[in-house]
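As you go down the protein sequences, you meet chains A and B in turn. So the first sequence is numbered by the numbering used here: it starts at 452 and just counts up by one. So the second sequence is numbered by the numbering used here: it starts at 452 and just counts up by one.
Protein chains: 2
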Amino acid sequence: MSEPAKRMAAGDKGMPEMGRSLLDGVSLPAAAIFEAPLAHNLAWMQRFAEAHGAHLAPHGKTTMTPALFRRQLEAGAWGITLATAPQCRAAFAGGVQRLLLANQLIGEPNMAIVAELIEAGTEFYCVVDGADNVAALGHYFGARGQTLNVLIELGVTGGRSGCRDADQVEALVAAIGEQPALALVGIEGYEGMIAGGDEVAAVRAYGERLVDTVKSLRASGVLEREAPIVTASGSKWFDLIAEAFDRSELREHYTPVLRPGCYVVHDHRLYAGAMADVKARHPQLEGELKPALEVFAHVQSLPEPGLAIVALGKRDIGHEPDLPLALRLYPLASRPSAAETPRDVGDWRTTHIMDQHVFLTIPRDAEVAVGDVIAFGTSHPCLTFDKWRRLCLVDATLTVRETLATQF
Amino acid sequence: MSEPAKRMAAGDKGMPEMGRSLLDGVSLPAAAIFEAPLAHNLAWMQRFAEAHGAHLAPHGKTTMTPALFRRQLEAGAWGITLATAPQCRAAFAGGVQRLLLANQLIGEPNMAIVAELIEAGTEFYCVVDGADNVAALGHYFGARGQTLNVLIELGVTGGRSGCRDADQVEALVAAIGEQPALALVGIEGYEGMIAGGDEVAAVRAYGERLVDTVKSLRASGVLEREAPIVTASGSKWFDLIAEAFDRSELREHYTPVLRPGCYVVHDHRLYAGAMADVKARHPQLEGELKPALEVFAHVQSLPEPGLAIVALGKRDIGHEPDLPLALRLYPLASRPSAAETPRDVGDWRTTHIMDQHVFLTIPRDAEVAVGDVIAFGTSHPCLTFDKWRRLCLVDATLTVRETLATQF
Numbered sequence: 452m453s454e455p456a457k458r459m460a461a462g463d464k465g466m467p468e469m470g471r472s473l474l475d476g477v478s479l480p481a482a483a484i485f486e487a488p489l490a491h492n493l494a495w496m497q498r499f500a501e502a503h504g505a506h507l508a509p510h511g512k513t514t515m516t517p518a519l520f521r522r523q524l525e526a527g528a529w530g531i532t533l534a535t536a537p538q539c540r541a542a543f544a545g546g547v548q549r550l551l552l553a554n555q556l557i558g559e560p561n562m563a564i565v566a567e568l569i570e571a572g573t574e575f576y577c578v579v580d581g582a583d584n585v586a587a588l589g590h591y592f593g594a595r596g597q598t599l600n601v602l603i604e605l606g607v608t609g610g611r612s613g614c615r616d617a618d619q620v621e622a623l624v625a626a627i628g629e630q631p632a633l634a635l636v637g638i639e640g641y642e643g644m645i646a647g648g649d650e651v652a653a654v655r656a657y658g659e660r661l662v663d664t665v666k667s668l669r670a671s672g673v674l675e676r677e678a679p680i681v682t683a684s685g686s687k688w689f690d691l692i693a694e695a696f697d698r699s700e701l702r703e704h705y706t707p708v709l710r711p712g713c714y715v716v717h718d719h720r721l722y723a724g725a726m727a728d729v730k731a732r733h734p735q736l737e738g739e740l741k742p743a744l745e746v747f748a749h750v751q752s753l754p755e756p757g758l759a760i761v762a763l764g765k766r767d768i769g770h771e772p773d774l775p776l777a778l779r780l781y782p783l784a785s786r787p788s789a790a791e792t793p794r795d796v797g798d799w800r801t802t803h804i805m806d807q808h809v810f811l812t813i814p815r816d817a818e819v820a821v822g823d824v825i826a827f828g829t830s831h832p833c834l835t836f837d838k839w840r841r842l843c844l845v846d847a848t849l850t851v852r853e854t855l856a857t858q859f
Numbered sequence: 452m453s454e455p456a457k458r459m460a461a462g463d464k465g466m467p468e469m470g471r472s473l474l475d476g477v478s479l480p481a482a483a484i485f486e487a488p489l490a491h492n493l494a495w496m497q498r499f500a501e502a503h504g505a506h507l508a509p510h511g512k513t514t515m516t517p518a519l520f521r522r523q524l525e526a527g528a529w530g531i532t533l534a535t536a537p538q539c540r541a542a543f544a545g546g547v548q549r550l551l552l553a554n555q556l557i558g559e560p561n562m563a564i565v566a567e568l569i570e571a572g573t574e575f576y577c578v579v580d581g582a583d584n585v586a587a588l589g590h591y592f593g594a595r596g597q598t599l600n601v602l603i604e605l606g607v608t609g610g611r612s613g614c615r616d617a618d619q620v621e622a623l624v625a626a627i628g629e630q631p632a633l634a635l636v637g638i639e640g641y642e643g644m645i646a647g648g649d650e651v652a653a654v655r656a657y658g659e660r661l662v663d664t665v666k667s668l669r670a671s672g673v674l675e676r677e678a679p680i681v682t683a684s685g686s687k688w689f690d691l692i693a694e695a696f697d698r699s700e701l702r703e704h705y706t707p708v709l710r711p712g713c714y715v716v717h718d719h720r721l722y723a724g725a726m727a728d729v730k731a732r733h734p735q736l737e738g739e740l741k742p743a744l745e746v747f748a749h750v751q752s753l754p755e756p757g758l759a760i761v762a763l764g765k766r767d768i769g770h771e772p773d774l775p776l777a778l779r780l781y782p783l784a785s786r787p788s789a790a791e792t793p794r795d796v797g798d799w800r801t802t803h804i805m806d807q808h809v810f811l812t813i814p815r816d817a818e819v820a821v822g823d824v825i826a827f828g829t830s831h832p833c834l835t836f837d838k839w840r841r842l843c844l845v846d847a848t849l850t851v852r853e854t855l856a857t858q859f
């Protein structure tokens, strides 16, 4: 590689120099996390969990950003939840010592990653929902003289993975009992698959079922942990799961763990709506989560009245369940002096998104120029994080304070 | 970072050791490119372009995999097309010297990247469609004593960017003429935005319009290149654009350039259908593109009869316009000895996809076990590539021959 090529090779998209402004010092599009709402959310959810006597093991798959995992742990999180073995490895490399894999651990190469993590001294948990997997794990870790901590996953009919009923749980307990290398230490569930009908009642009932199951297993003496784990909760119904777990018996004799992920940067619509529902259910609740993640992009072309093409696409921002939401316009190109007084463009509508372009329907007489910068929000932050190898942590003046590397 | 953490930090998901089998030697899910159809596609499209007297500048945004750019250049490609300035930088770092940015170049930090590329000796082209951008580029590159090659973009009404009519082209030519730092060297378009009505006729007419426009500009003496560039073509209508460009006048006095991207790995539905259309339009055409990209994943859970949860999600595979397509099952867990005789499961249907899970509707009596491996294909390969930092180049026996790093 030539010298200039080498020098230029280091640059990921959206990778800025510290201290530069997102508006004119960074190659756009770029993803930005605002310091103040991030810090607020970290503290808010930790306080919420503690107020209900629960631990927090935030789902790390949302961000896969070790610098955020460390902030979550510094705020008081008990551990980090992950979805895959390579995610667990990345979290460990980023400094996380207590890992909860909220899926079955499948395939010897993935088991080998976990064996290395256990060997390296992590406190590791994964879930099981079938006898075949229990046997495979028992043989693999037994052959290595290691003990693997497992939680039985409870699912719902028509949902994702997990035991559907008490008979399946009983059979699984027996299967685990046949594997000396496996330590059954609690119960895991995910209420986010519940949909349709009276969802609030169904989530509450599911929370009760988790608690009843872990109590029944504890009473039967099959749990190999003094304070067995009971864990559930995504970012939508965390209040209902927290309530189900909030009882003195659990505080004293169990380890209740909540696992929301999206809360850390929240969003501008889907979880904003979920937060409004939480507030409606708990009018006395103090404060609320705030959106902290936005993607900044240039107006790329203004080919027809009423249409702006923005240099931003599926490669840069999540577009489900809602297309990217235009928030503010910084009239950089047309009026440089006005760059710090953005305009609300919440009524501009994204009508189409391609790999590298967004189509924005704007007023035919809109004051806008090619080169202006638009900040976009999203519904559901997970699928924005994985579009970036580095995100910009910015302050309220849009100055880059830090770049945060992702590990997808 | 501790020593074990350091040792484990290097592993991206899907990163295998050479010579291991995708079925049992690689952490799944993993994305695989098959050597034979890849080599076939590289040669097939190069031959197709040459047969029509056109150059090939494959769109690199599809793969953003420099090792594939190099193979495209080795097969005879004239250059590589990119969508953003950071993509151009990554392609240059990967060894590409001739870069075609098929978008307006917006924002000073992006202009700075291109100024460095020009300084480093690349042959660089970008497109323009508005006077504001022309002025901004003229000032920026003029101040640096550099010349920027620009192509005027022709668009279609209701489409994406690009001049809608001849008056806009004329005004843009005048604006470019006022900027000594800009060299107008040709015409660019993208027929992929044409939809509805008689699309074939509309694409043919658009191809004619591109040719007529570049000829008219050449005749008027405003083009600063001896063999002016005329370029278009995605992966759907490449035959029609090639036909429009295929005339002796263009072969002799112009530089016609086709820019398909997806052809390099093709796909299992969207472009498979487009290929069938190409073949129907040209029954004499020899051979065809073949699908080369698949994603391999484990059966994760079998919680109910008729439902398989697969350890594969939006983080791993494109899901638009069609959900991932189950192709073959390798019954690894249930019958290890049968691992090399996969079963066709093309009738199993993906019904839902989440960030890390696919829901597969399967026969209630299906022979399948947790740990079995399923190979999936996609519609549209672009949004699978960007889910991976490394892909596995495999031979027909599923042995990993090389890992290919992406640069998204």
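Where a beta carbon is used, it is the ideal one built from N, C-alpha and C, also for glycine.
Query, Result
"Return the first residue and the last residue of the alpha helix (DSSP H) that Leu691/B is part of.", "Phe689 to Phe696"
"Would DSSP call Tyr591/B helix, strand or coil?", "helix"
"Is DSSP giving Leu661/B helix, strand or coil here?", "helix"
"Could you pull the start and end residues of the alpha helix (DSSP H) that Leu701/A belongs to?", "Ser699 to His704"
"Among residues of its own chain, excluding the 5 on either side of Thr857/B, which ones have a beta-carbon nearer than 8 Å to its beta-carbon?", "Thr514, Met515, Thr516, Phe836, Asp837, Trp839, Arg840, Arg841 and Leu842"
"I want to see whether chain A comes within less than 8 Å of His717/B, judged by CB atoms only; does it?", "no"
"Near Glu650/B, what residues of its chain come up, given a Cβ to Cβ distance below 7 Å and the 5 sequence neighbours on each side ignored?", "none"
"What residue does the alpha helix (DSSP H) around Ile627/A start on, and which one ends it?", "Ala617 to Gly628"
"Under 8 Å, Cβ to Cβ, is there at least one residue of chain B near Ala587/A?", "yes"
"Compute the Euclidean distance between the alpha carbons of Tyr657/A and Glu642/A, then round it to the nearest angstrom.", "7 Å"
"Answer yes or no: does any C-beta atom of chain B fall closer than 8 Å to that of Ser472/A?", "no"
"Determine, using beta carbons only, whether His808/A comes closer than 8 Å to chain B.", "yes"
"Please list the residues of the segment 598 to 616 of chain A that have a C-beta atom closer than 9 Å to any C-beta atom in chain B, keeping them in chain order.", "Glu604, Gly606, Thr608, Gly609, Gly610, Arg611, Ser612, Gly613, Cys614 and Arg615"
"From which residue to which residue does the alpha helix (DSSP H) around His491/B run?", "Glu486 to Ala502"
"For Phe689/B and Lys730/B, I'd like the C-alpha separation in whole angstroms.", "12 Å"
"Is the CB of Arg766/A under 8 Å away from at least one CB in chain B?", "yes"
"Assign Leu778/A to one of three DSSP states: helix, strand, or coil.", "strand"
"Assign Gly628/A to one of two classes, buried (16 or more other C-beta atoms within 10 Å of its C-beta) or exposed (fewer than that).", "exposed"
"In the DSSP assignment, find the unbroken beta strand (DSSP E) run with Arg852/B in it and report its ends.", "Val851 to Ala856"
"With respect to the beta strand (DSSP E) encompassing Gln548/A, which residues constitute its N-terminal and C-terminal limits?", "No beta strand (DSSP E) contains Gln548/A, which DSSP labels as neither H nor E."
"Could you confirm whether any beta carbon from chain B is found closer than 8 Å to the beta carbon of Thr535/A?", "yes"
"What residues from chain A crowd round Asp583/B, counting only those whose CB sits closer than 9 Å?", "Leu753, Ala784, Ser785, Ala820, Val821 and Gly822"
"Determine which residues share a DSSP beta bridge with Pro754/A and list them.", "In the DSSP output, where bridge partners are listed per residue, Pro754/A has none listed."
"Buried or exposed for Asp795/B, going by 16 or more other Cβ atoms inside 10 Å?", "exposed"
"Chain A beta carbons: is any one of them nearer than 8 Å to that of His444/B?", "A question about residue 444/B goes unanswered here, because the residues of chain B that appear run from 452 up to 859."
"Return the chain-ordered ranges of every alpha helix (DSSP H) run that is complete within the segment 714 to 757 of chain A and spans a minimum of 4 residues.", "721 to 732"
"Using the three-state DSSP reduction, which class does Phe836/B fall into: helix, strand or coil?", "helix"
"How should Gln751/B be labelled, buried or exposed, when 16 other C-beta atoms within 10 angstroms of its C-beta is the threshold for buried?", "buried"
"When burial is assigned at 16 or more other CB atoms within 10 Å of the CB, is Met865/A buried or exposed?", "Because chain A is modelled from 452 through 859, residue 865/A falls outside the range shown and cannot be assessed."
"Should His749/A and Ile564/B be called a contact, given that it needs their Cβ atoms to be closer than 8 Å?", "no"
"Quick one: what's Ala653/A bridged to in DSSP?", "Answer by DSSP bridge pairing: none, since Ala653/A is not bridged."
"Can you give me, in chain order, the residues of the segment 826 to 837 of chain B that have a beta carbon less than 8 Å from any beta carbon in chain A?", "Cys833, Leu834 and Asp837"
"Does chain B have any CB closer than 8 Å to the CB of Asp475/A?", "yes"
"Using beta carbons (cut-off 8 Å, strictly below), is Met452/A in contact with chain B?", "Low per-residue confidence applies at Met452/A: pLDDT is 49, beneath 50, and the placement is therefore not dependable, though the value from the model is reported in the following sentence. Answer yes: the Cβ-Cβ gap between Met452/A and chain B drops below 8 Å somewhere."
"Based on the DSSP secondary-structure assignment, which residues constitute the bridge partners of Gly637/B?", "Leu602/B and Ile680/B"
"Can you tell me which residues form a DSSP beta bridge with Val579/A?", "Ile603/A"
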